[in-house]
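Counting the sequence shown from 1 gives a position; the working numbering is that position plus 2.
From the three backbone atoms N, C-alpha and C, an ideal C-beta is built for every residue, glycine too.
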Amino acid sequence: MGEEYRDGEETGRALVAVERARFMPAMSIESAVERYNAVTEFVSRVLRKDVDYGVIPGTEKRTLLKPGAEKLTTFFGLSTRFELLERIEDWTGERHGGEPFFYYLYRCRLFRGDVLIAEGDASCNSREAKYRWREAQRACPACGQATIIKGKEDFGGGWLCWKKKGGCGAKYTDGDQSIESQTVGRVFNPDIADQVNTIQKMSQKRSLVGAVLLAVNASEFFTQDVEDMYLNASAVREAAVDLDEEIRAACRALGKTEEQLAGWLRKKYGADGIGQLTDNDRREVLALLQGMLSKRAA
C-alpha cells in the first residue's frame, strides 16, 4: 500500500503508518529539467534589462524588479495576496525623538488556484537612507531655484544663480549670508510624510519579489533584494569614489591643480567640484582626461 512503519513517539510500541510519498520528490527529474529550462528561456527571451531586471553598478549581479516579478507570476499562473503584518505611523515624531517615523511589514502570498505556492515577508521604513535624507543645495533668494554656483575669480568671484541650470542670473558677493548661511549637504528630509505611500508600496514590492524568487526558483538568475540596483548605495558610492580618484590622478599626471579642475568643471558642467557630478559626467570627464594623456604620450 506504499506505507512504512516506525515506532510511535507517544504510543509506546504502536506502529504508525507513514506514507512513502511524503519522502519522495514532488515531480520527476524530467519535469524538473523541463521547468528549469522554461524559466531559463523565459528569463532570456522575455525579461528586459532595465525594465524587468537591473544590473547592480560595479557588478554583474542582476536584481529582479517589480515588472519582471509580475511577468513571472503571470507565466506560472500565480495570483498574489498581500497582508499587512505590522505598521508604525508616528506622524509627529513624538515616539521617535521628534523625527516622524513610518514602518510597514507586509507578507505576499502566491497561489496557484487555491494552493499556496510561496510567501515572502518584507519591510520598509522611513529611516532608510533614500527616504530619511536629502542633499541640500544652495538656493537663490530671488527665484528659489537650487542653481547657485561659485562665480569665477576672473569675474570677481562671489555667487551666481546660473541661468543654464534654470536660474535667474542673480549675483551675490562673497560673504553674503543669504547664500553662505544656507545648510548644504545631507539633511533630514523635511517632507517625509509625502513618502508614506511610497514606503508602503516598497514594502509590498519587496515581499512580492522575495515570494516570486521562491515560487519559481529564480534565485539562480536574480538576487533576492529588489532594490540592490538602487539602494545598495555602498557599491555605488565606492564606484563613484574610485572614479573621483582616477580623475584626480589624471589631473596630476597632466600637471593640473584641483583648483584648475574645479574651474573647468564649473565652466563645463556648472558643478562646484567632482562631488556634484553625476556618474555619467564623471565617466565623461575621466575619458576626456585620459584622452589628453594618450595624446601627450603619443
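| Query | Result |
| --- | --- |
| What beta strand (DSSP E) runs, 3 residues minimum, are completely inside the region 168-195? | 187-190 |
| Looking at C-beta atoms only, is the number of pairs between the region 198-213 and the region 171-189 that lie closer than 8 angstroms three or more? | no |
| So, for Ala141: in the same chain, excluding its five sequence neighbours on each side, which residues have a beta-carbon less than 6 angstroms away from its beta-carbon? | Ala148 |
| Bridge partners of Gly115, per DSSP? | In DSSP, Gly115 forms no bridge with anything. |
| Cβ atoms of Ser205 and Tyr108: under 7 angstroms apart, would you say? | yes |
| Can you give me the start and stop residues for the alpha helix (DSSP H) that Trp266 sits inside? | 260-271 |
| Using 7 angstroms as the threshold, is the C-beta distance between Trp161 and Gly153 below it? | yes |
| Using only CA atoms, which one of Arg250, Lys269, Phe224, Leu263 lies nearest to Asp54? | Phe224 |
| Can you check whether the CB of Cys145 is closer than 7 angstroms to the CB of Cys126? | no |
| Could you pull the start and end residues of the alpha helix (DSSP H) that Lys68 belongs to? | 68-77 |
| Counting Cβ pairs closer than 8 angstroms, one from the region 171-185 and one from the region 90-107, do we hit at least three? | no |
| Please report the distance separating the alpha-carbon of Val238 from that of Ala289. | The predicted model places Val238 with a pLDDT of 43, which falls under 50 and marks its position as unreliable, so this point remains unresolved. |
| Tell me which residue opens and which closes the alpha helix (DSSP H) that Thr82 is part of. | Run containing Thr82: none in the alpha helix (DSSP H); it sits in the beta strand (DSSP E), 81-92. |
| Taking 7 angstroms as the threshold (C-beta atoms), are Phe77 and Phe44 in contact? | yes |
| Can you tell me which of the three DSSP states Thr225 falls into? | strand |
| Can you tell me where the beta strand (DSSP E) holding Val41 begins and where it ends? | Looking at the DSSP string, Val41 is not in any beta strand (DSSP E); the run it does join, the alpha helix (DSSP H), is 31-47. |
| With a threshold of 7 angstroms on Cβ separation, who are the neighbours of Met294 within its own chain once the five nearest residues in sequence on each side are excluded? | Leu256 |
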